[in-house]
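Residues 4 to 110 (the numbering used here) are what the sequence shown spells out, left to right.
Think of the CB as a built atom: it goes at the ideal place given N, C-alpha and C, for glycine as much as any other residue.
Computed from a prediction, not measured in an experiment: that's the story for all the values here.
Have a look at the structure below, then the notes.
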Amino acid sequence: MLVVVGSCSLKALFDEQVIEANNGAEKYEVSGKLTIPEYQRPYIWRFAEVKRLIDDLICYFYKPRQQAYYLGSIIIHEIDDTLNIIDGQQRITTLAILCHLLDLDTQ
Numbered sequence: 004m005l006v007v008v009g010s011c012s013l014k015a016l017f018d019e020q021v022i023e024a025n026n027g028a029e030k031y032e033v034s035g036k037l038t039i040p041e042y043q044r045p046y047i048w049r050f051a052e053v054k055r056l057i058d059d060l061i062c063y064f065y066k067p068r069q070q071a072y073y074l075g076s077i078i079i080h081e082i083d084d085t086l087n088i089i090d091g092q093q094r095i096t097t098l099a100i101l102c103h104l105l106d107l108d109t110q
């Protein structure tokens with residue numbers, strides 16, 4: 004099994020842009036349609052979890068910052084042109100909903 008690590012913005016992830024990744028020695032390019040596989044649990048975040056994420060984002064955006072916001076690890080399994088979210092689906096789904104409700108272009 005090949006494990007590679009990459010980093011990207013939400014915009015790159017949502018827009019199906021190429022994500023540069025590596026396994027420590029070799030570089031890889033990962034891209035595809037972001038999906039949540041059927042075997043993943045349904046969306047279960049309640050008000051408390053959503054509020055915690057929003058409060059964290061507000062705190063980040065209203066303070067002088069020198070580094071990008073760290074959302075945490077998102078584990079993705081690439082199959083053909085599909086990027087299956089294995090871990091992080093609650094955060095990604097919540098951010099997608101917030102961006103849609105606020106009519107934001109993901110960045």
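When H103, I79, G91 are compared against K36, the one with the closest alpha-carbon: By alpha-carbon distance to K36, the top candidate from H103, I79, G91 is I79.
Enclosing beta strand (DSSP E) for L1 [first to last residue]: The shown model of the chain, from 4 to 110, leaves out residue 1, and the question about it has no answer.
Pick from V7, L105, A99 that is closest to A15, judged by C-alpha positions: Measuring from the Cα of A15, the nearest candidate turns out to be A99.
Beta bridge counterpart(s) of D18 as assigned by DSSP: None; D18 has no bridge partner.
Exposure label - N26; buried when at least 16 CB within 10 Å: The Cβ neighbour count for N26, taken over all protein chains shown within 10 Å, is under 16; the residue is labelled exposed.
F50 to A28 span [Cα, whole Å]: Rounded to whole angstroms, F50 and A28 show a C-alpha spacing of 42 Å.
Cβ-Cβ distance between R94 and G75 below 8 Å: Yes, the pair counts as a contact, with Cβ atoms nearer than the cut-off.
Alpha helix (DSSP H) runs contained entirely in the segment 19 to 85, provided each spans 4 or more residues: Counting only runs of 4 or more residues that sit fully inside the segment 19 to 85, the alpha helix (DSSP H) segments are 50 to 64, in chain order.
Bridge partner(s) assigned by DSSP for G9: Per DSSP, the beta-bridge partners of G9 are A24.
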